[in-house]
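In our numbering, the protein residues as written are 148 to 638.
Take a look at the structure:
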């Protein structure tokens, strides 16, 4: 995995998109919101409206997903030809309809017009890359990069090389997709449908068989998935849950030792069955009537799951956390250490306010914790250090509320080290609304360095200790904040 400092260097100078449908528009939103310029060739009607709608949905989702300020949005240029789309870019992403001849023609034209070494990736959901390379002048630059809808929000990207793909092309592509907050999954061998679609197809066929045989309704199938293994797979992979000695038995049971599934059987999809399925869909829609668009509701649920996983630093949540660290590195406005550390300016999201329109108390604490996280990154605490040497944990926090904050306010945070020794770290944070002279709130924290093995307090080590003590020395020359160390009391 790339470190966050390396990730930003892998952002492409520009991207050429071929196709402006649902997938192409999703790609436009993800690249643009990560600060990458996009040249879009989308000849189908309504492309501009689709892209704008997708951008609006992505902005809404990102505001809820992360507090980190996004970089300035990339520019979007609609072009009239494939040659214009691929000129001067580092990556071409083809997202045309799933027709082999159409894709081969587009990719061949892109290969002729693109600069030497330009990566050309296809969003195909099923065609092997070797088939897509057939008409290309430079097939070595082609690989499949298959996303999952919604492209701007779900992090997985399947990468698959063809027979003539150049060595290193997959690694180059993976670095670019990591830089825009995705999790590359390399398909080790060419196969129709790759991994995701084959799994989805298997589940869908068995689900239809259960409905066809009147074992379950479509609602029953949805409930069976949503309330059980979908949650397990979201949190942790099933073979990890099975545990060491149980893996063999678990696999043996699943390898069709027991003839539970009917995967080799084909359901009779006649008019009667289609009518029955349509009736069940109507019932589901009536029972789950939404007060917002289905796509918006979907995004809200995905964001909530990603944030929950992010808090545990696991799976897709770790991908989000890594993306946020990269955003922080790009946006951070830290001083040289002689003054308080200035954190990136953050915008208060609308879901942080209560019925009176004020930001709720727990969100002030979230701002303080975000500032602390950024300082810990600054002194060198990363995943490797946390695993090998430890981390700082909060022992005590005091918040002082001085002025109300509202949705849409842009807030700045200054962090000062009040004291530090081998094990302890004393911080003071000032939260100010952009444009105000007086703070809206202050926060004070005492943190303890804890060893990862013993789970007891232990001295900080190596470069982290050195950088922290030097920062504490510089900050000791700053004026001490008026409220620092006062705790809680009547005055």
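A virtual CB, placed ideally from N, CA and C, is assigned to each residue, including glycine.
Values in this document were obtained by computation on a predicted structure and should not be read as measured data.
Q.
Which residue wins for smallest C-alpha separation from residue 381, given the options 506, 452, 529, 468?
A. Counting from 1 along the chain shown, the entry for residue 381 is found at position 234. Ranking 506, 452, 529, 468 by Cα distance to residue 381 puts 452 first.
Q. Would you call the region 307 to 314 and the region 351 to 363 touching, i.e. three or more CB-CB distances under 8 Å?
A. no
Q) Going by Cα to Cα distance, which pick from 427, 614, 189, 560 is closest to residue 524? A) Here residue 524 is taken as the residue at index 377 of the chain shown, counted from 1. Here the closest residue by C-alpha is 614.
Q) When the cut-off is 9 Å and only beta carbons count, does residue 569 lie next to chain D? A) Considering every chain present, this structure includes no chain D. It has just one protein chain.
Q: With a threshold of 16 other CB atoms inside 10 Å of the CB of residue 181, please say whether the residue is buried or exposed.
A: Translated into the one-based positions of the chain shown, residue 181 becomes position 34. Buried, by the Cβ-count rule.
Q.
Using the Cβ count rule (16 or more neighbours within 10 Å means buried), how would you classify residue 379?
A. Reading the chain shown from its first residue, position 232 is the one you call residue 379. Classification of residue 379: exposed, given that the 10 Å Cβ count is below 16.
Q. Would a C-beta distance cut-off of 9 Å place residue 233 and residue 163 closer than the cut-off?
A. Translated into positions along the chain shown, residue 233 becomes position 86. Translated into positions along the chain shown, residue 163 becomes position 16. Contact flag set, yes.
Q.
For a minimum of 4 consecutive residues, which ranges assigned as the alpha helix (DSSP H) are wholly contained in the region 285 to 359?
A. 316 to 326, 343 to 359
Q. Tell me, which residues are paired with residue 268 by DSSP?
A. Along the chain shown, read from residue 1 onward, the residue named residue 268 stands at position 121. Its beta-bridge partners are 240, 290.
(Q) Once the 5 residues before and after residue 486 are set aside, which same chain residues still bring their CB inside 6 Å of it? (A) The residue labelled residue 486 in the question sits at position 339 within the chain shown. If we look at residue 486 and ignore the five residues flanking it on each side, it has no Cβ neighbours.
**Q.** Paired residues, beta bridge with residue 579 - DSSP
**A.** Taking the first residue of the chain shown as 1, we reach residue 579 at position 432. Residue 579 is bridged to 559.
Q) If we ignore side chains and look at the alpha-carbon of each, how far apart do residue 581 and residue 476 end up? A) By 1-based counting over the chain shown, the position of residue 581 is 434. By 1-based counting over the chain shown, the position of residue 476 is 329. One C-alpha to the other measures close to 21 Å.
Q. I think residue 594 touches residue 572, with their Cβ atoms under 8 Å apart; what is that distance to the nearest whole Å?
A. Stepping through the chain shown from its first residue, residue 594 is reached at position 447. Stepping through the chain shown from its first residue, residue 572 is reached at position 425. 4 Å between Cβ atoms; contact.
Q: Assuming residue 293 and residue 265 form a contact by the criterion Cβ under 8 Å, report the distance between their Cβ atoms to the nearest whole angstrom.
A: Position 146 of the chain shown, counted from the start, is the residue given in the question as residue 293. Position 118 of the chain shown, counted from the start, is the residue given in the question as residue 265. Contact doesn't hold; Cβ gap of about 19 Å is too wide.
Q: Grab me the residues of residue 283's own chain with a C-beta within less than 7 Å of its C-beta, minus the 5 sequence neighbours each way, in chain order.
A: Start at 1 with the first residue of the chain shown, and residue 283 comes out as number 136. Here the set comprises 254, 255, 258, 289.
**Q.** residue 617 to residue 565 span [Cα, whole Å]
**A.** Residue numbering aside, residue 617 sits at position 470 when the chain shown is read from its first letter. Residue numbering aside, residue 565 sits at position 418 when the chain shown is read from its first letter. In a straight line, the C-alpha of residue 617 is about 12 Å away from that of residue 565.
Q) Which stretch, first to last residue, makes up the beta strand (DSSP E) that contains residue 592? A) Within the chain shown, the letter at position 445 stands for residue 592. Note, residue 592: beta strand (DSSP E), 588 to 597.
Q) Based on the DSSP secondary-structure assignment, which residues constitute the bridge partners of residue 567? A) By 1-based counting over the chain shown, the position of residue 567 is 420. In the DSSP output, where bridge partners are listed per residue, residue 567 has 572.
(Q) Here's a check: name, in chain order, each residue in its chain whose Cβ is nearer than 8 Å to the Cβ of residue 170, leaving out the five neighbours to either side. (A) Here the question's residue 170 lines up with position 23 in the chain shown. Result list for residue 170: 242, 270, 294, 296, 298, in chain order.
**Q.** Span of the alpha helix (DSSP H), counted from its first residue to its last, around residue 610
**A.** On the chain shown, position 463 is the one that residue 610 refers to. For residue 610, the uninterrupted alpha helix (DSSP H) run begins and ends at 609 to 622, by DSSP.
Q. Is residue 374 helix, strand or coil by DSSP?
A. For the purposes of this step, residue 374 is taken as the residue at position 227 of the chain shown. In the three-state reduction of the DSSP assignment, residue 374 falls in the coil class.
Q) With 16 as the cutoff for other CB atoms within 10 Å, does residue 559 come out buried or exposed? A) Within the chain shown, residue 559 is the residue found at index 412, counting from 1. Buried: at least 16 other Cβ atoms inside 10 Å.
Q | 4 or more residues per run - each alpha helix (DSSP H) lying fully within the region 460 to 533 | A | 463 to 478, 508 to 525
**Q.** Short Cβ contact (9 Å threshold) for residue 328 with residue 466
**A.** To locate residue 328, count along the chain shown from 1; it is residue 181. To locate residue 466, count along the chain shown from 1; it is residue 319. The answer is yes: Cβ separation under 9 Å.
Q: Between the Cα of residue 207 and those of 500, 446, 608, spot the shortest distance and give me the residue it belongs to.
A: Looking up residue 207 in the chain shown gives position 60. The shortest C-alpha separation from residue 207 is found at 446.
Q.
Looking only at its chain, what residues have a beta carbon closer than 7 Å to the beta carbon of residue 631, apart from the 5 residues adjacent to it on each side?
A. The count along the chain shown starts at 1 and reaches residue 631 at position 484. Hits under 7 Å: 565, 575, 591.
Q) Beta carbon of residue 235, beta carbon of residue 205: below 9 Å? A) In the chain shown, counting from the first residue as 1, residue 235 sits at position 88. In the chain shown, counting from the first residue as 1, residue 205 sits at position 58. Their beta carbons are not under 9 Å apart, which means residue 235 does not touch residue 205 by this criterion.
Q: Counting only the same chain and skipping the five closest in sequence on each side, list residues whose C-beta sits under 8 Å from that of residue 215.
A: The residue given as residue 215 occupies position 68 in the chain shown. Here the set comprises 471, 474, 475, 478, 491, 493.
Q) Per DSSP, what kind of secondary structure is residue 162 in: helix, strand or coil? A) The residue labelled residue 162 in the question sits at position 15 within the chain shown. If DSSP states are grouped into helix, strand and coil, residue 162 belongs with the strands.
Q) Mapping DSSP to helix, strand and coil, what is residue 550? A) On the chain shown, residue 550 is found 403 positions in, with the first residue counted as 1. In this structure, residue 550 counts as coil in the three-state DSSP scheme.
Q.
Quick check on residue 305: buried or exposed, where buried means 16 or more other Cβ atoms within 10 Å of its Cβ?
A. Numbered from 1 along the chain shown, position 158 holds the residue referred to as residue 305. Under this definition residue 305 is a buried residue.
Q | Cut-off 6 Å between Cβ atoms - residues of its own chain near residue 526, not counting five sequence neighbours on either side | A | In the chain shown, residue 526 corresponds to position 379, counting from 1. Excluding residues up to 5 positions away in sequence, 611, 614, 615 lie with their Cβ nearer than 6 Å to the Cβ of residue 526 in the same chain.
Q. CA-CA distance, residue 622 and residue 563?
A. As a first step, residue 622 must be located in the chain shown, where it is residue number 475. As a first step, residue 563 must be located in the chain shown, where it is residue number 416. About 7 Å.
Q. Considering only residues of the same chain and omitting the five flanking positions on each side of residue 570, which have a CB-CB separation below 8 Å?
A. For the purposes of this step, residue 570 is taken as the residue at position 423 of the chain shown. The beta carbon of residue 570 is closer than 8 Å to those of 595, 596, 604, 605, 606, 607 in its chain, skipping five residues each way along the sequence.
Q) If you draw a straight line from the alpha carbon of residue 346 to that of residue 548, how long is it in whole angstroms? A) Taking the chain shown and counting its residues from 1, the one referred to as residue 346 is at position 199. Taking the chain shown and counting its residues from 1, the one referred to as residue 548 is at position 401. Their Cα atoms are separated by approximately 51 Å.
**Q.** Buried or exposed by the 16-neighbour rule on C-beta atoms within 10 Å, applied to residue 460
**A.** Counted from its first residue, the chain shown places residue 460 at position 313. That one is exposed.
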